[in-house]
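Report on the following structure.
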Amino acid sequence: MLVALAIAQSATAHQLSVFAWVEGNSVLVEAHLPKGKRPKLGDVLVYDGEDQLLLKTGLQPDGTASFPLDHWETGYRIVVDIGHGHQAYWIMTPYDIQQQRDGLQ
0 MLVALAIAQS
10 ATAHQLSVFA
20 WVEGNSVLVE
30 AHLPKGKRPK
40 LGDVLVYDGE
50 DQLLLKTGLQ
60 PDGTASFPLD
70 HWETGYRIVV
80 DIGHGHQAYW
90 IMTPYDIQQQ
100 RDGLQ
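Going by numbering that gives the first Met the number 0, the residue at position 26 of the sequence shown is 25; the numbering climbs one at a time, nothing skipped.
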């Protein structure tokens, strides 16, 4: 029982969460680790709705990134990879993007 508990705890020790939203003509991305920590290094890969890589950028030291709101008609899948198998993603549908754009105008 203790072994299973230890394995479960270590598996969630580096849980990564990703959030993204539209702000102006940009998409802002935040990555979070448990207990409010932020990853300092990592890659951000942005795919369109047809799974084509649109761009690759890096996380800033505060765990954030941004990119221009371009080619959003099929939506985005935003993947943050901080290495050692720790990845998470956020999906923005065209509807999500349009709603956020309309809310800002």
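Each residue gets a CB set at the ideal place from its N, CA and C atoms; glycine is no exception.
ask   = Thinking C-beta only, is Pro67 closer than 8 Å to Ser25?
value = Against a cut-off of 8 Å, the Cβ pair of Pro67 and Ser25 comes out as a contact.
Among Trp20, Leu15, Gln14, the one whose alpha carbon lies nearest that of Asp129 = Lying outside 0 to 104, the shown extent of the chain, residue 129 is not represented and no answer is given.
key: Cβ-Cβ separation, Pro38 to Ile90 (assumed contact under 8 Å), whole Å   = So it is not a contact: roughly 20 Å between Cβ atoms.
message = With H, G and I counted as helix, E and B as strand and the rest as coil, what does DSSP make of Lys34?
response = Secondary structure of Lys34 (DSSP, three-state): helix.
key: Distance between Val45 and Tyr75 (C-alpha atoms, nearest Å)   = Cα atoms of Tyr75 and Val45: separation of roughly 6 Å, rounded to the nearest angstrom.
Local conformation of Phe18 per DSSP, three classes = DSSP places Phe18 in strand when its eight states are reduced to three.
key: Burial state of Leu58 (16 or more Cβ within 10 Å)   = Looking at its Cβ environment, which holds 16 or more other Cβ atoms inside 10 Å, Leu58 is buried.
task = Within the same chain, show all residues whose beta-carbon is closer than 8 Å to that of Tyr88, passing over the 5 residues directly before and after it, in chain order.
result = Only Val17, Arg76, Ile77, Val78, Val79 meet the Cβ criterion.
query = Quick one: what's got a C-beta closer than 6 Å to Ala64's C-beta in the same chain, skipping five residues either side?
reply = Only Val28, Val43, Thr56, Leu58 meet the Cβ criterion.
ask   = Name the DSSP beta bridge partners of Leu52, please?
value = Leu52 is bridged by DSSP to Tyr46.
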